[in-house]
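Heads up, the thing below is written out as structure tokens.
In UniProt numbering, the protein residues as written are 1 to 442.
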């Protein structure tokens, strides 16, 4: 049985035969503008995502495993914008295959490869988020394992799409035009392959995303902060939960709605093949195909540009890389210890303010916003000549993201205790008596 790819797979144009219906000038202009916009947005969005996530790996406290999946999704979407859109767009516009015959099986294989890899990666991201939220105490996927998962995604996608190399070819049809189509000798194999594509690229990912994100959303909604109730803190937490749930919902809705029209189109045309190809049917195909391809530039927006971590990395990249200020080093912060009036009362026992470079402490500061400039870790304080201790103080100048109120708990000359009034700051990672002998552990 001989059939065109378009009759069952979304990345190829409709068979038109000798009943070719040419586009009007205005229709051609609309098609060119629509597909050019789609390609431009997809190229820009996915290239930016790849660059930001790739260069952002030098920053600490980053979940590089998730970044690997998001980068892989951007790569597969980039392939869609490079192979699925331009070739099909040209085929639609000319109603002819103007490329070398050898390109036909290669292009169709890469098209199916890109769509399959993108769909499976979407599904893997959903499963990863489900595991992290539902089982937070269990071991998370490591960077090595995430690389192995990505390798399996591409190997399985390559094997699945390689079928196109054996069943697709370009041939001349009635009217003298060239058609890139599938040629199956076994109708049952064609139907089985078509159903498997529909399941792997649409229904299975849609089911997995719907189930996992629904469970994750319910879990996050029911989760409450420990400790006593605090109106401001609880309101902030609720706002954060609503934002996450909205993003999860948008992911599922965008994936389902972008691909639904095209899959529905092929099901309807396959069931009702007797109606033939009309101008309205061709227009419907173009609209459905463009909506499906738009998913390649929607993914960067939903997964990345709406992500606070991505936006933080993007600001960091623009500030440091574009301004030439980036120094690839451990992320540390400068802490200034300000003394109190005790300095005046015991000034004879203290030397002038000293700056000591701490080379032992290599841990990073936990941060919600790394947009402030990098600085070397230095400690400025007044030094006690007699007992090698720091004087009492009233305040501490933390980095911008940690600028919270503080007060001393002890005022003796031998040691200082500091209370940071912010539950989100990991105190023992910032001040420990193992690394800073002048400060006792909180």
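Quick reminder that beta carbons are idealized off the backbone N, C-alpha and C, glycines included. Note that the structure is predicted; figures quoted are calculated from it, not measured.
Inter-stretch contact at 8 Å, needing at least 3 Cβ pairs: the segment 92-99 / the segment 133-146: no
Any beta strand (DSSP E) of 3 or more consecutive residues that is wholly inside the segment 232-274: none
For residue 169, does the three-state DSSP call read helix, strand or coil? strand
Rounded C-alpha distance that separates residue 107 from residue 89: 13 Å
For residue 178, which three-state DSSP category applies? strand
Looking only at its own chain, which residues have a Cβ that is under 8 Å from the Cβ of residue 38, when we skip the five neighbours before and after it? 81, 85, 290, 293, 294, 296, 297
Figure out for me which residue from 70, 53, 95 has the closest Cα to the Cα of residue 282. 95
Cβ pair residue 127, residue 212 closer than 8 Å: yes
Determine, using beta-carbon pairs with one atom in the segment 22-30 and one in the segment 69-77, whether at least three such pairs fall under 8 Å. no
Suppose you measure from the CA of residue 250 to the CA of residue 243; what does that come to, to the nearest Å? 11 Å
Kindly indicate which three-state DSSP category residue 413 falls into: helix, strand or coil? Its pLDDT being 37, under 50, residue 413 is placed unreliably in this model, and the value from its coordinates should be taken loosely. Three-state DSSP puts residue 413 in coil, outside helix and strand.
Give the single residue among 248, 219, 198, 307 whose Cα lies nearest to the Cα of residue 449. Lying outside 1 to 442, the shown extent of the chain, residue 449 is not represented and no answer is given.
Hey, residue 216 and residue 130: beta-carbon distance below 8 Å or not? yes
Let's test the definition: count the other Cβ atoms within 10 Å of the Cβ of residue 278 and tell me whether it reaches 16, buried, or not, exposed. exposed
Look at the alpha carbon of residue 75 and the alpha carbon of residue 116, and state the distance between them as a whole number of angstroms. 12 Å
Rounded to whole angstroms, what's the CA-CA distance from residue 10 to residue 266? Just pull it up for me. Unreliable placement is indicated for residue 10, whose pLDDT of 40 sits below 50; the coordinate value is still reported in the next sentence. Between residue 10 and residue 266, the C-alpha separation is close to 8 Å.
Can you look up residue 46 in the DSSP assignment and give me helix, strand or coil? helix
Judging by CA-CA distance, which residue of 124, 171, 190, 157 is the nearest neighbour of residue 145? 124
CA-CA distance, residue 300 and residue 246? 16 Å
Given this structure, state the Cα-to-Cα distance separating residue 310 from residue 218, to the nearest angstrom. 25 Å
Apply the 10 Å Cβ neighbour rule to residue 345 and answer buried if 16 or more other Cβ atoms are within range, or exposed otherwise. Because the pLDDT at residue 345 is just 36, under 50, the model does not fix this residue reliably, and the value given afterwards should be weighed accordingly. Residue 345 is exposed by the Cβ-count criterion.
Assign residue 185 to one of three DSSP states: helix, strand, or coil. coil
Under 6 Å Cβ to Cβ from residue 303, same chain only, skipping five residues before and after it: list those, please. 70
DSSP-derived helix/strand/coil call for residue 99: coil
Return yes when the Cβ of residue 113 is within less than 8 Å of the Cβ of residue 157, no when it is not. yes
Identify, in the order they occur along the chain, each residue of the same chain with its Cβ nearer than 6 Å to the Cβ of residue 119, setting aside the five sequence neighbours on each side. 201, 205
Closest by CA to residue 210, which one among 148, 194, 257? 257
Give the range of the alpha helix (DSSP H) segment to which residue 315 is assigned. 308-317
Does residue 278 come out as helix, strand or coil in the three-state DSSP assignment? coil
Contact set for residue 264: own chain, Cβ-Cβ below 6 Å, skip 5 residues either direction: none
Assigned secondary structure, residue 223 (DSSP; H/G/I helix, E/B strand, else coil): coil
Distance check for residue 196 and residue 182, CA to CA, integer angstroms please. 16 Å
What does the Cβ neighbour count give for residue 252, buried or exposed, with the cut at 16 atoms within 10 Å? buried
With C-beta atoms as the reference, is residue 142 less than 8 Å away from residue 65? yes
Taking the alpha carbon of residue 35 as the point to measure from, which residue in 288, 189, 151, 317 has its own alpha carbon closest? 288
Roughly how many whole angstroms lie between the Cα atoms of residue 190 and residue 184? 6 Å
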